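So for the sequence shown, UniProt numbering puts the first residue at 1; every next one is plus one.
Backbone N, C-alpha and C define an ideal beta-carbon position, used for all residues, glycine too.
Just so it is clear, the structure is predicted and the values come from calculations on it, not from any experiment.
Remarks on the structure that follows.
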Amino acid sequence: MDRSDLFNVNAGIVKNLVQQVAKTCPKACIGIITNPVNTTVAIAAEVLKKAGVYDKNKLFGVTTLDIIRFQHLCCGTERQTARRS
(Lines of atoms letter the chains of each structure in order from A and count residues from 1; the text may use other names and numbers.)
(Lines give C-alpha, C1' and ligand atoms only; values in the text may rest on other atoms or scores of the structure.)
Protein backbone atom coordinates (compact mmCIF):
# COMPACT_ATOMS: atom_id res chain seq x y z
CA MET A 1 0.00 0.00 0.00
CA ASP A 2 1.50 3.33 -1.01
CA ARG A 3 0.85 6.70 0.63
CA SER A 4 -2.01 7.62 -1.71
CA ASP A 5 -3.81 4.35 -0.89
CA LEU A 6 -3.17 4.97 2.79
CA PHE A 7 -4.56 8.49 2.46
CA ASN A 8 -7.71 7.32 0.68
CA VAL A 9 -8.50 4.75 3.36
CA ASN A 10 -7.58 6.86 6.39
CA ALA A 11 -9.17 10.08 5.11
CA GLY A 12 -12.58 8.45 5.04
CA ILE A 13 -12.13 6.96 8.49
CA VAL A 14 -11.00 10.28 9.99
CA LYS A 15 -13.84 12.16 8.30
CA ASN A 16 -16.48 9.79 9.68
CA LEU A 17 -15.03 9.71 13.19
CA VAL A 18 -14.63 13.49 13.40
CA GLN A 19 -18.20 14.02 12.14
CA GLN A 20 -19.41 11.88 15.04
CA VAL A 21 -17.19 13.70 17.55
CA ALA A 22 -18.51 17.05 16.27
CA LYS A 23 -22.08 15.87 16.92
CA THR A 24 -21.65 14.05 20.22
CA CYS A 25 -18.82 15.93 21.94
CA PRO A 26 -18.13 19.20 20.11
CA LYS A 27 -15.74 20.54 22.78
CA ALA A 28 -13.49 17.45 22.80
CA CYS A 29 -9.74 17.63 22.28
CA ILE A 30 -8.88 15.55 19.23
CA GLY A 31 -5.44 14.07 18.62
CA ILE A 32 -4.93 12.64 15.13
CA ILE A 33 -2.29 9.92 14.90
CA THR A 34 -3.52 8.48 11.59
CA ASN A 35 -1.04 8.72 8.72
CA PRO A 36 -0.50 10.82 6.78
CA VAL A 37 -0.90 13.14 9.77
CA ASN A 38 -0.55 16.45 7.91
CA THR A 39 -3.45 15.79 5.57
CA THR A 40 -5.73 13.93 7.97
CA VAL A 41 -5.52 16.80 10.47
CA ALA A 42 -6.53 19.18 7.68
CA ILE A 43 -9.52 16.97 6.86
CA ALA A 44 -10.53 16.90 10.52
CA ALA A 45 -10.28 20.70 10.68
CA GLU A 46 -12.54 21.11 7.65
CA VAL A 47 -15.11 18.70 9.07
CA LEU A 48 -15.14 20.59 12.37
CA LYS A 49 -15.41 23.95 10.57
CA LYS A 50 -18.35 22.67 8.52
CA ALA A 51 -20.03 21.56 11.77
CA GLY A 52 -19.33 24.99 13.30
CA VAL A 53 -17.31 23.60 16.22
CA TYR A 54 -13.69 24.06 15.10
CA ASP A 55 -11.26 25.22 17.80
CA LYS A 56 -7.60 25.38 16.73
CA ASN A 57 -6.54 24.76 20.34
CA LYS A 58 -8.37 21.42 20.50
CA LEU A 59 -7.17 19.72 17.31
CA PHE A 60 -3.64 18.46 16.95
CA GLY A 61 -1.54 15.93 15.08
CA VAL A 62 0.47 13.35 16.98
CA THR A 63 3.71 12.40 15.25
CA THR A 64 5.32 10.45 18.07
CA LEU A 65 4.41 7.16 16.40
CA ASP A 66 6.48 8.09 13.33
CA ILE A 67 9.42 9.04 15.56
CA ILE A 68 9.26 5.74 17.44
CA ARG A 69 9.06 3.78 14.17
CA PHE A 70 12.07 5.66 12.81
CA GLN A 71 14.08 5.05 15.98
CA HIS A 72 13.20 1.37 15.87
CA LEU A 73 14.24 1.18 12.22
CA CYS A 74 17.59 2.87 12.89
CA CYS A 75 18.35 0.96 16.06
CA GLY A 76 17.19 -2.33 14.59
CA THR A 77 19.64 -1.90 11.73
CA GLU A 78 22.52 -0.93 14.01
CA ARG A 79 21.50 -3.29 16.86
CA GLN A 80 21.52 -0.39 19.30
CA THR A 81 19.08 0.95 21.82
CA ALA A 82 17.43 4.31 21.27
CA ARG A 83 18.41 6.80 23.97
CA ARG A 84 16.32 9.71 25.04
CA SER A 85 18.04 13.06 24.92
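In this model, Val53 and Pro26 are separated by some 6 Å (Cα to Cα). Straight through space, the alpha carbons of Asn38 and Phe70 are spaced by roughly 17 Å.
Shown here, Gly52 sits in coil according to DSSP, grouped into three states, outside any helix or strand. Boundaries of the alpha helix (DSSP H) harbouring Ile13: Arg3 to Thr24, taken from the DSSP string.
Ranked by Cα distance from Gly31, the options Val41, Asp66, Cys75 and Asn16 are led by Val41.
Counting every other CB atom within 10 Å of its CB across the protein chains shown gives Val9 a total below 16, marking it as exposed. In the three-state DSSP reduction, Ile33 falls in the coil class, being neither helix nor strand.
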